[in-house]
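Colleague:
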Amino acid sequence: MNAAGGGAGARPFPWGAVLDTGLCRLRLDPKLFWELSLVEFTAMTGAFAPRPARFRRDGLEMLMRAFPD
Numbered sequence: 162m163n164a165a166g167g168g169a170g171a172r173p174f175p176w177g178a179v180l181d182t183g184l185c186r187l188r189l190d191p192k193l194f195w196e197l198s199l200v201e202f203t204a205m206t207g208a209f210a211p212r213p214a215r216f217r218r219d220g221l222e223m224l225m226r227a228f229p230d
């Protein structure tokens with residue numbers, strides 16, 4: 162058993178994207194960035210925000226009737 166090793170299909174942690182988001186996009190101080198837990202960092206990115214309702218077929222049909230061109 163290799164609990165920490167991941168499986169054959171395990172993807173590496175996306176450090177490049179995380180560093181870019183934290184240091185460049187959110188402009189966090191490096192000290193603060195490295196002190197954050199993964200949950201805190203994820204919350205700062207807006208990942209826990211409610212998602213808007215999906216666009217449904219009836220909405221499309223309404224728009225097609227309103228704008229027939």
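Each residue of the sequence shown is one higher than the one before, counting from 162 in this note's numbering. Ideal Cβ positions, reconstructed from N, Cα and C, are used throughout, including at glycine.
1) What separation, rounded to the nearest whole angstrom, lies between the Cα atoms of Leu199 and Asp190?
2) Pull up the distance between the alpha-carbon of Gly220 and that of Ala227, whole angstroms please.
3) Only counting the same chain, and skipping five residues up and downstream in sequence, which positions put a Cβ closer than 6 angstroms to that of Asp181?
4) Can you tell me whether Gly177 is buried or exposed, with buried defined as 16 or more other CB within 10 angstroms of its CB?
5) Here's a check: name, in chain order, each residue in its chain whose Cβ is nearer than 7 angstroms to the Cβ of Leu187, leaving out the five neighbours to either side.
6) When you compare only the Cα positions, how much space is there between Gly183 and Arg215?
Modeller: Here's the rundown:
1) Going by C-alpha positions, Leu199 is about 16 angstroms away from Asp190.
2) Spanning the alpha carbons of Gly220 and Ala227 requires a straight line of approximately 11 angstroms.
3) There are no such residues.
4) exposed
5) So the qualifying residues of the chain are Met205.
6) 28 angstroms
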